[in-house]
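Here the structure is laid out as structure tokens; the discussion comes afterwards.
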Amino acid sequence: MILHSKNFPYVSKDKRVLKNIVTLGLGANIKNPIATLNALFLKLKQNKSLLIHSTSFIYKNKAFGNTNQPDFYNATLIFSTNLALRAVFCLIFYMERFFKRPRLRPYKNAPRTLDIDLLLFNNLKVRLPHLTLPHPGFLTRKSVLVPLYAQLGRK
């Protein structure tokens, strides 16, 4: 199901582009996910180190893995920044914690207040113990592909 909210979809009128282009996958399925996604957008927009270029619509879909949990609300967000990869990764970690996502989960794909996946950082290819780019699962997940393709198709 495709949903719209105040900030999803969004296209900036500002045509400036900073050094690094970042694509994020967003997801939430507990504690008012749409409000969380909108609050995240506003929090990122306030960050002077980022220029948000666009967001997708919100895609409501069934959870995968453990399907005995609420549906997920997913979206994608593209921004540019002069921040380095490590700083962007730290920002994502901070945002998840800000929105009360615990780092320790009871099981893989457990319900969450907010999940932020770093899908792409420019065209960088990285394989580290804690980070792989491009994100290893994003080309096989409808929860990413449906909103991202629609978002990119608008440009």
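The opening residue of the sequence shown carries number 524 in the numbering used here; numbering runs sequentially from there.
Heads up, the beta-carbon is just placed ideally off N, CA and C, and yes, glycines get one too.
- When 598, 645, 556 and 622 are compared, the shortest CA-CA separation from residue 606 is found for 645.
- Counting of Cβ neighbours within 10 angstroms places residue 531 among the buried residues, the total reaching 16 or more.
- Counting only residues of its own chain and dropping the five nearest sequence neighbours on each side, residue 643 has a CB closer than 6 Å to the CB of 546 and 657.
- Here DSSP, grouped into helix, strand and coil, assigns residue 561 to helix.
- Residue 609 is not a Cβ neighbour of residue 624, given a cutoff of 7 Å.
- In this structure, the alpha-carbon of residue 647 lies about 22 Å from that of residue 617.
- Between residue 594 and residue 587, the alpha-carbon positions lie close to 9 Å from each other.
- For residue 608, the enclosing alpha helix (DSSP H) starts and ends at 608-621.
- The beta carbons of residue 549 and residue 565 sit no closer together than 7 Å.
- Residue 581 is classed as buried because its beta carbon has at least 16 other beta carbons within 10 Å across all chains shown.
- Taking the Cα of residue 633 as reference, the smallest distance to any Cα among 662, 539, 659 and 553 is reached at 553.
- Residue 563 counts as buried, since no fewer than 16 other beta carbons sit within 10 angstroms of its beta carbon.
- Assignment of beta-bridge partners to residue 650 by DSSP yields 655.
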